[in-house]
Each structure stands twice: as C-alpha cells, then as structure tokens.
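Take a look at the structure below.
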Amino acid sequence: MHELGVTQSILEIALRHANQAGAARIREVNLVIGELSSIVDDSVQFYWDMISEGTIAHGAVLTFTRIPATLRCQHCGHEFPLNHHDYACPACGSNKVVVADGEQFYLESIDVDLAEPQPGP
Amino acid sequence: MTEKIPVVENILSANDALAEQIQARLDQAGVLALNFMASPGGGKTSVILRTVQALMDEVRIGVMDGDIVEIDLRELAALGIPVSLINTGGQCHLDANMVHRALPSMDLDALDLLIIENVGNLICPAAFKLGVHRNVVIASVPEGDDKPYKYPGMFRGADVLLLNKMDLQEYMGFNVDYFRQGVEALNPGVAFFPVSCRTGEGLDAWFAWLRAQLNSRGAAG
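Same order as they appear, the protein sequences are chains P and X.
Counted the way our numbering counts, the first sequence spans residues 1 to 121.
Counted the way our numbering counts, the second sequence spans residues 1001 to 1221.
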C-alpha cells in the first residue's frame, strides 16, 4: 500500500502550481500514467478526498490518462502492445524489440478557478 | 473562470530530489550503493550473505534492510559487519525518505559498499528511486520463467539481474531462453548471472562483476 504517499505527492505538486498561478480553487487534476509505471489505482481519489480537506484542492476530480505499454520491433519497425506472455514481434517474429511507450508517470495539468476576476480597465 | 495550468511534473519528483541528495552523500563518502530487489523468498538475503562472505576481506560492507523484523539481519550481523534495519512499518517498498532517515545509522566514511535490501515485492520498489548507484534484481527459478512478462517495470529498471536457485531448474521446467527474451526486450544487454546460493554455482561471475563496479568507482573517485 503506497497510494497515500503518492497522493500526498500529487497534492503537494498541485497546490504548489495552483498557488503560483494565484488560483482560488482546483477543479481537476490531470494525471498521465503509463502501464509500465502503473503503481497507482483509482483509490488515489479516495485518499485525495481525505487529505485535501481544508485546502483549495478539496473536491477536485482526478483524471487518469492511462498509456498502454507498447514495444517496437528493431527488425521490421512494427509497434505493438505489450501482451504479458510473449514479447516477440507479432509481424516478423523477431525477439529484437524495445519498449516504445508506457513509462509516463506525471501530473500533466490542473484546472483551476482563478482567484478574482481581473479588474476592468 | 476556469483555466488549465500546465504542470508536467513527475509525480515522484520530491522522492527523486531526495534520492539525488542521498547519492551525493554516498559519493562524498566514496560508497558504492546497491538496491537489492526481489520477491519474498527469491533469495535477497542469501545472495547478500554470500556476497558479504566473499568480499568482506577486500572491502568494507554495510547492509541496510527494509523489513518489519530483524530476522534477516541477525545472520549478517553475526559476520561482524555494520547492519541497520529500516523499519518499513509494513510498507510495500522503500522510498528515498525512509533511506534518508536511516542513513545516519551507518558510518558511511567507514564503508566502501552499502547494500540496501528492499522490501520483497516485484512491483512497487521499482518505482521509487533510493539514490543508489546500481539496482540489483534477483529472480529465482521456482517463481517461474514468466516473471519478466508479468512485472516488466522491475526488470526494465535492473542494472544487473541474478537468476537464483539454478540448482532447481531441472525440477521446475524453467525455460531460461524464454526468461531471457523477456528481459532482453525490456532491458537490452543487462548483466545477467544464473546462480545458486545453495551450491555456489555461478556466484563467482557475480562477484567479479561487483568487483569491477567497485574498482571502476575507486578509479573514478
């Protein structure tokens, strides 16, 4: 169980960027999680609701963009999803493959309400 | 008015920053640090015991163990080397903060090699940098040859891979070629040593690899 610690990290990053932007409230937190680093599940939202209480992030919705892991064949260039049984290229059968995608683990953006409407001219 | 603010920051950036601090501290003391990761029962403690016994006359070794009890450390302490428990309180992995807090328990200036034994788990420890110089992953024959396919993240992050309990291969139907194909796809060219801590088979090659890491570090420092 480590989702609580991960959630604390997400909250710290979100609050820091929201404060820098002078935000009054965080509405949405957009996360990008690759399959190869998929060490968080949707329980992060549950922890979020608890630990964000009393902050401008309380009530925010976490969105997860999950990126599937893919491999690329170094022989024929074919790119294909990692299937957890066999990493050989389904097009040409080569075992010379490399990881092409799926290692993302970052906070992409936050949707915020800005503090005050800009004063008119 | 709602506005989208771009962030693009690694979720574990605080952990990574602390890991960099740890590595700087280790570098300052001239210590090579290794992070041992494996399943429970894969042979972390056995490999560490064998390694300490083989190298303790050449280099000064300390071991930190991420665990909830001191059972594994007793045998190591009996060898007369400094050991320290990083009490994980049941966590599924070590993180940089736990190592950072436990580091003062080790006299780094009196060490050449620091071995950190992570929590037995093939998923979570792979995600958390500790500030070590090399990640050592130990797989073992009874776990099955499909582990690189089930837990790609762990095998992707290995700097060296030991396949332990090779003495059981003939009983387990373990396909080493299939195992290695999975590893090579995730981590091309990773150092690979089939070993048995029970018979001692293959361990000399692992010790030689480790000596080379220590030597190149000594030359660089």
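No residue lacks a Cβ here, since even glycine has one placed at the ideal position from N, Cα and C.
Can you tell me the Cβ-Cβ gap for residue i and residue j, rounded? I've got them flagged as a contact below 8 Å.
{"i": "Leu1163/X", "j": "Pro1194/X", "result": "5 Å"}
{"i": "Thr65/P", "j": "Asn30/P", "result": "7 Å"}
{"i": "Ser1084/X", "j": "Met1056/X", "result": "About 17 Å separates the two Cβ atoms, so there is no contact after all."}
{"i": "Cys1124/X", "j": "His1100/X", "result": "Actually they do not touch by this definition, with Cβ atoms about 18 Å apart."}
{"i": "Ile1081/X", "j": "Ile1068/X", "result": "Going by Cβ atoms, the distance from Ile1081/X to Ile1068/X rounds to 21 Å, so no, they are not a contact pair."}
{"i": "Glu1003/X", "j": "Val112/P", "result": "6 Å"}
{"i": "Asn1087/X", "j": "Phe1036/X", "result": "Contact flag wrong, Cβ pair sits at about 17 Å."}
{"i": "Phe1192/X", "j": "Ala1054/X", "result": "Their Cβ separation, rounded to whole angstroms, is 19 Å, which puts Phe1192/X and Ala1054/X out of contact at 8 Å."}
{"i": "Met1293/X", "j": "Leu114/P", "result": "Outside the modelled stretch of chain X, which goes from 1001 to 1221, sits residue 1293/X, for which no answer is possible."}
{"i": "Asp1095/X", "j": "Gly5/P", "result": "7 Å"}
{"i": "Leu1034/X", "j": "Ile1115/X", "result": "5 Å"}
Rounded to whole angstroms, what's the CA-CA distance from residue i to residue j? Just pull it up for me.
{"i": "Asn1097/X", "j": "Asn1015/X", "result": "7 Å"}
{"i": "Lys1147/X", "j": "His2/P", "result": "22 Å"}
{"i": "Gly77/P", "j": "Val97/P", "result": "9 Å"}
{"i": "Asn83/P", "j": "Tyr1149/X", "result": "8 Å"}
{"i": "Ala1019/X", "j": "Val1059/X", "result": "24 Å"}
{"i": "Asn95/P", "j": "Pro1188/X", "result": "11 Å"}
{"i": "Ser1039/X", "j": "Asn1121/X", "result": "5 Å"}
{"i": "Asp1167/X", "j": "Pro81/P", "result": "35 Å"}
{"i": "Met1172/X", "j": "Leu1203/X", "result": "21 Å"}
{"i": "Ala1185/X", "j": "Ile56/P", "result": "44 Å"}
{"i": "His85/P", "j": "Thr63/P", "result": "29 Å"}
{"i": "Leu1049/X", "j": "Ala14/P", "result": "44 Å"}
{"i": "Ala60/P", "j": "Gly1200/X", "result": "56 Å"}
{"i": "Ala100/P", "j": "Arg1134/X", "result": "23 Å"}
{"i": "Val1137/X", "j": "Gly93/P", "result": "28 Å"}
Helix, strand or coil: how does DSSP classify residue i here?
{"i": "Ile13/P", "result": "helix"}
{"i": "Ser1216/X", "result": "helix"}
{"i": "Phe1155/X", "result": "helix"}
{"i": "Ile33/P", "result": "strand"}
{"i": "Thr81/P", "result": "The sequence given here places Pro at residue 81/P; Thr does not occur at that position. Here Pro81/P sits in strand by DSSP."}
{"i": "Ala1127/X", "result": "helix"}
{"i": "Lys1150/X", "result": "helix"}
{"i": "Ser1084/X", "result": "strand"}
{"i": "Tyr87/P", "result": "coil"}
{"i": "Ala21/P", "result": "coil"}
{"i": "Asn1015/X", "result": "helix"}
{"i": "Ser1039/X", "result": "coil"}
{"i": "Gly1221/X", "result": "Caution is warranted here: a pLDDT of 44 is assigned to Gly1221/X, below 50, making its placement in the model unreliable, and the coordinate value is therefore given only provisionally. If DSSP states are grouped into helix, strand and coil, Gly1221/X belongs with coil."}
{"i": "Phe46/P", "result": "helix"}
{"i": "Glu28/P", "result": "strand"}
Within the same chain, show all residues whose beta-carbon is closer than 6 Å to that of residue i, passing over the 5 residues directly before and after it, in chain order.
{"i": "Gln156/P", "result": "In the structure as shown, chain P starts at 1 and stops at 121, and residue 156/P therefore has no counterpart that could be examined."}
{"i": "Ala1126/X", "result": "Gly1153, Met1154, Gly1157"}
{"i": "Asp1072/X", "result": "Thr1045, Asp1065"}
Excluding the five sequence neighbours on either side, which residues of its own chain have a C-beta within less than 7 Å of the C-beta of residue i, listed in chain order?
{"i": "Ser43/P", "result": "Glu3"}
{"i": "Gln1169/X", "result": "Val1141"}
{"i": "Gly1221/X", "result": "The predicted model places Gly1221/X with a pLDDT of 44, which falls under 50 and marks its position as unreliable; any figure quoted below should be read in that light. Only Gly1030 meet the Cβ criterion."}
So, do the stretch 1011-1026 of chain X and the stretch 41-51 of chain P have three or more beta carbon pairs nearer to each other than 8 Å?
-> No, because fewer than three Cβ pairs between the stretch 1011-1026 of chain X and the stretch 41-51 of chain P fall closer than 8 Å, the two stretches do not touch.
May I ask you to verify whether the stretch 1107-1114 of chain X touches the stretch 14-24 of chain P, counting CB pairs closer than 8 Å and requiring at least 3?
-> no
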